[in-house]
Amino acid sequence: MLSLTIVAVVLMGGLMISQSVYALEIIGYYDIPAQSLNNALLQFAADAHLELVFSADLVRGFEAGHLIGAMTPEQALQSLLKDSGLGYRFLDQRTVMLLQGEQVRQGMPEHYPAVLEAMTVVGRAASGERVTDDNPTDISPLDFSNYRVAAMASATRTDTPLMQIPQSVQAFKRSLIEDQQNVTVSESLYNASSVVPRNIWFTPNVEGTLIRGFKTEQLLDGFTQYYNTGDRESLVNLEGIEVLKGASAVLYGGGSGAQAGGVINLLSKQPRAKAFGELGIKIGGDSFYQPFFDFNQPLAENALFRISGEYTDSGSTIDGIETQRYNLNPALTLTDNDKTRFTLRAKLSRWQQPDYQGLPATGTVAGSFRIPRQTLIGPDNLPDSHSATDAVWVSLDHRINERWSVTVKARYSYSEFIEHAQTLFGRDGFTADRPLFASTWALVNAELAQQQEERSFAGYAVGKFDFGPTENTVLFGADHSELNDQGYIDGDVGPAGFGVGMVDLAAPDFSSAYRRPGPGVSNRFVDNITYGGYAQLQTTLYKRLHLLSSMRLGTVNIDFKNTVSDNITATDTSKWLPRFGVVVDLTEQISWFSGYSEGMRGQPLINFVDTPVPELSRQIETGFKFDFAGQFSGQMAIYQIDRTHVAVTDNTDIQGRSVAAGQQRSVGFDADLLWQPLDELNFLASYAHTEARFIDDKSGVPAGNRLPLVPENSARLWMHYRLPMPELKGLSLGFGVNLRAGAFLSNNNQFKSEAYHGFDATVAYETATFKLAATAKNLTGVDYFSAYDYFDGRVAPDSGPAVYVTGSVRY
1 MLSLTIVAVV LMGGLMISQS VYALEIIGYY DIPAQSLNNA LLQFAADAHL ELVFSADLVR
61 GFEAGHLIGA MTPEQALQSL LKDSGLGYRF LDQRTVMLLQ GEQVRQGMPE HYPAVLEAMT
121 VVGRAASGER VTDDNPTDIS PLDFSNYRVA AMASATRTDT PLMQIPQSVQ AFKRSLIEDQ
181 QNVTVSESLY NASSVVPRNI WFTPNVEGTL IRGFKTEQLL DGFTQYYNTG DRESLVNLEG
241 IEVLKGASAV LYGGGSGAQA GGVINLLSKQ PRAKAFGELG IKIGGDSFYQ PFFDFNQPLA
301 ENALFRISGE YTDSGSTIDG IETQRYNLNP ALTLTDNDKT RFTLRAKLSR WQQPDYQGLP
361 ATGTVAGSFR IPRQTLIGPD NLPDSHSATD AVWVSLDHRI NERWSVTVKA RYSYSEFIEH
421 AQTLFGRDGF TADRPLFAST WALVNAELAQ QQEERSFAGY AVGKFDFGPT ENTVLFGADH
481 SELNDQGYID GDVGPAGFGV GMVDLAAPDF SSAYRRPGPG VSNRFVDNIT YGGYAQLQTT
541 LYKRLHLLSS MRLGTVNIDF KNTVSDNITA TDTSKWLPRF GVVVDLTEQI SWFSGYSEGM
601 RGQPLINFVD TPVPELSRQI ETGFKFDFAG QFSGQMAIYQ IDRTHVAVTD NTDIQGRSVA
661 AGQQRSVGFD ADLLWQPLDE LNFLASYAHT EARFIDDKSG VPAGNRLPLV PENSARLWMH
721 YRLPMPELKG LSLGFGVNLR AGAFLSNNNQ FKSEAYHGFD ATVAYETATF KLAATAKNLT
781 GVDYFSAYDY FDGRVAPDSG PAVYVTGSVR Y
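Start counting the sequence shown at 1; every next residue gets the next number (this note's numbering).
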């Protein structure tokens with residue numbers, strides 16, 4: 001199957017190359033006024049329909065003369081670069097990279113990029129979009145008509161072309177988020193293969209996203225979000241989203257350690273050198289309204305300021321669910337516009353909503369009776385749950401010389417959450433997938449609260465050198481993070497231990513009032529410290545072979561104390577964590593890659609029989625990457641992830657404590673494709689087949705059982721078209737479908753959710769000064785239940801058909 005897919009990719013790519021092979025020979029008319037070289041290049045990229053890649057520092061201080069006349073794109077570029085000492089290389093028929101004069105080496109094969117520094121990517125701006133002279137100091141794609149990302153830094157901490165990264169990675173531009181008119185981060189993640197996004201109704205007190213069957217860590221600008229509290233679904237301040245699949249402990253071993261599934265890195269918007277802004281509102285069904293703003297204002301030539309914010313108030317198809325959330329994101333950049341950049345950021349984020357615990361399997365996807373889909377478990381006096389985070393972080397980037405650069409980052413954050421619930425208690429305890437009898441469950445009042453204070457530091461240096469036939473990039477780094485966590489869980493099971501009341505969910509009536517179940521005093525304390533140092537070498541040999549090798553010496557130190565049970569445990573483990581990979585350029589358009597990586601993660605809040613040890617993970621994968629003329633690109637891979645030392649209950653221990661002995665494995669195939677046959681037309685497709693299973697029976701279920709929440713098959717298709725006719729300039733249409741197989745609800749695999757599909761469509765009209773857009777979700781109104789990660793054995797209904805309209809003004 002894999003070989004047939006690759007053959008299809010090659011054939012389709014060949015067809016598309018034939019459409020653009022003569023692009024560089026087409027004569028066009030250019031009229032670009034005299035201005036800064038940076039701004040002239042922006043206009044050239046738009047006029048020539050090319051993607052232009054260059055370092056912002058490379059062109060700073062240069063001026064370009066008036067360019068006018070009929071010429072080929074290459075002739076126009078040569079004229080603009082005249083007397084600058086700069087050269088260029090065509091990476092493919094549509095992508096050009098600017099280089100310093102000494103980098104344009106004799107004999108360098110055409111279409112081959114040198115190792116990338118921090119880049120600006122511009123070009124092929126679509127109808128209705130502005131090409132601006134923002135002159136960003138970060139990696140800033142201004143290519144609104146193309147979803148393709150040529151290079152990324154998160155996977156290696158060096159700006160590396162995606163074709164040379166020996167790992168399955170994906171990067172989504174802001175343009176994709178805008179075109180799809182996504183409402184939440186979770187909705188955007190459906191574009192990535194093998195990702196199971198969290199449910200947006202879940203209280204923000206844990207990160208529930210899965211990649212390749214296992215839990216993942218969500219980062220913000222490279223910093224771990226821990227419990228990911230506050231308004232975590234907001235998109236207002238995001239420039240893009242990056243997905244790294246599999247253990248990434250070498251670079252992301254902070255927090256409690258590296259999750260087996262991988263990491264999702266959210267990229268914040270950057271302050272820019274030109275004043276602009278946007279003010280708008282999104283409205284929709286279920287009383288949804290969401291005012292937002294994004295203002296960028298340079299304070300001086302060397303001081304740039306940007307602030308964005310958003311407030312959301314929304315009802316729901318669930319009775320009694322009203323969500324209120326907001327966030328504020330100021331950022332200040334100080335730069336010498338040459339070698340040094342210092343950025344200070346802050347985030348204030350709040351969320352509140354009644355706790356939603358889903359519905360049990362019996363009565364929804366099984367059983368002889370049916371629970372009303374809109375049911376909210378709990379009485380009318382159930383208080384809202386709250387989640388909040390405040391954070392401030394800094395980043396200092398300094399280029400020492402042409403070979404060496406350093407980056408130093410630090411962050412302080414404070415977060416908290418409190419969750420009020422009247423939870424179900426059934427035949428299987430809090431799993432609650434089966435009633436105690438008939439259609440009746442017991443009710444337990446519960447309250448969970450935690451407070452976290454975090455301090456993190458990271459620094460690394462990057463060096464570049466050539467040796468013989470090799471081009472090399474070395475990385476040396478270290479990081480340290482400390483999290484002080486305290487909280488409590490109070491519960492009230494009633495005077496006789498049979499709950500504070502009963503409820504018949506066939507005809508729900510929550511007559512038992514909610515009362516606080518305890519004193520609300522912290523009794524669980526965790527001091528979580530992780531630190532490590534790492535080194536990495538990237539080598540390109542004879543322009544075709546790309547090697548990556550890295551090693552981290554990581555330490556996980558976790559002290560846990562429960563003052564109620566007098567349980568005190570400590571984890572203090574150091575381990576060498578390797579990562580190796582290879583990429584072979586089979587042709588200029590197709591590469592084969594293979595990679596191996598390991599991870600280590602502490603297991604706090606668990607009562608172990610013996611000294612706690614971290615869980616370990618390792619991933620091996622292999623696959624193909626391809627990029628045909630910047631029009632048809634993507635990757636496909638097969639993989640295996642093993643997770644060991646998982647905490648499981650020791651059935652021989654009278655106290656029911658845990659041992660680190662469980663084993664789990666995920667194997668599968670995933671593919672992600674982008675196709676742009678025309679400048680105005682974009683396609684996205686992704687597919688994943690995932691088999692995540694228990695390897696042994698130590699978790700109390702038979703070996704071979706599937707892990708819960710993971711659909712065996714999933715896919716996403718999306719198409720977007722910008723109408724090219726002059727009279728319809730600025731108008732665009734989009735259409736997509738999301739498909740998911742059913743997933744088991746708990747470890748025992750007794751119940752399974754339904755397979756489902758959902759169609760979405762968009763229409764938008766935008767100019768340089770305003771935007772009006774509408775999107776429809778779940779167009780066909782299909783009713784379904786999806787697996788819901790609240791204890792086990794729960795499902796959540798779909799949110800029904802919904803229409804959202806967005807209007808904004810810009811300057």
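From the three backbone atoms N, C-alpha and C, an ideal C-beta is built for every residue, glycine too.
- The criterion of a C-beta distance shorter than 9 Å is satisfied by serine 349 and serine 234.
- In the three-state reduction of the DSSP assignment, isoleucine 241 falls in the strand class.
- If you check the CB distance, asparagine 327 and valine 206 do not come in under 9 Å.
- Counting along the chain, the unbroken beta strand (DSSP E) around asparagine 567 starts and ends at 567 to 585.
- As the crow flies, the alpha-carbon of leucine 58 is around 7 Å from that of glutamine 100.
- The beta carbon of arginine 427 lies closer than 7 Å to those of Arg434, Pro435 and Leu436 in the same chain, with the five residues before and after it left out.
- Taking all protein chains in view, the Cβ of lysine 245 is crowded by 16 or more other Cβ atoms within 10 Å, so the residue is classified as buried.
- Per DSSP, the beta-bridge partners of tyrosine 326 are Tyr311 and Arg350.
- Assignment of glutamine 75 by DSSP, reduced to helix, strand and coil, places it in the helix class.
- Closest by C-alpha distance to threonine 571, out of Ser565, Phe525, Ser512 and Phe560, is Phe560.
- For leucine 220 and alanine 496, the gap between their C-alpha atoms comes out near 47 Å.
- According to the DSSP assignment, phenylalanine 759 belongs to no alpha helix (DSSP H) but to the beta strand (DSSP E) extending over 756 to 766.
- Pairing leucine 717 with alanine 685 gives a Cβ-Cβ distance under 9 Å.
- Taking the C-beta atoms as reference points, tyrosine 639 is found nearer than 9 Å to valine 667.
- With contact defined as three or more Cβ pairs closer than 8 Å, the region 456 to 468 and the region 403 to 415 are in contact.
- As the crow flies, the alpha-carbon of threonine 622 is around 20 Å from that of leucine 210.
- Taking all protein chains in view, the Cβ of histidine 689 is crowded by 16 or more other Cβ atoms within 10 Å, so the residue is classified as buried.
- Taken through DSSP and simplified to helix, strand or coil, glutamine 259 comes out as coil.
- The continuous alpha helix (DSSP H) containing glutamate 178 extends over residues 174 to 180.
- Contact between glutamate 615 and alanine 660 holds, with the beta-carbon distance rounding to 7 Å and staying under 8 Å.
- The C-alpha of isoleucine 568 lies about 15 Å from the C-alpha of asparagine 484.
- Linking arginine 148 to valine 53 through their CA atoms gives a straight-line distance of about 13 Å.
- Leucine 359 and arginine 794 do touch by the CB rule: their CB atoms are close to 6 Å apart, below 8 Å.
- Asparagine 381 and glycine 320 have their C-alpha atoms some 11 Å from each other.
- DSSP places leucine 42 outside any beta strand (DSSP E); the residue lies instead in the alpha helix (DSSP H), whose first and last residues are 37 to 48.
- Secondary structure at proline 724: coil, using DSSP grouped into helix, strand and coil.
- If you draw a straight line from the Cα of arginine 657 to the Cα of glutamate 680, it comes to about 60 Å.
- Pairing glycine 277 with asparagine 302 gives a Cβ-Cβ distance that is not under 9 Å.
- Residue pairing by DSSP places arginine 794 opposite Pro360 and Tyr788 in a beta bridge.
- If you look at leucine 189, you'll find it in the alpha helix (DSSP H) that goes 185 to 189.
- The bridge partners DSSP lists for arginine 665 are Asp642 and Arg693.
- In the DSSP assignment, tyrosine 414 forms a beta bridge with Asp390 and Glu453.
- Contact annotation: isoleucine 241 and phenylalanine 292 have beta-carbon atoms that are not nearer than 9 Å.
- A contact between stretches requires three or more CB pairs, one per stretch, nearer than 8 Å, and the region 537 to 551 fails this requirement with the region 497 to 510.
- Counting only the Cα atoms, alanine 764 lies some 32 Å from glycine 208.
- Taking the CA atoms as reference points, phenylalanine 525 sits about 42 Å from arginine 399.
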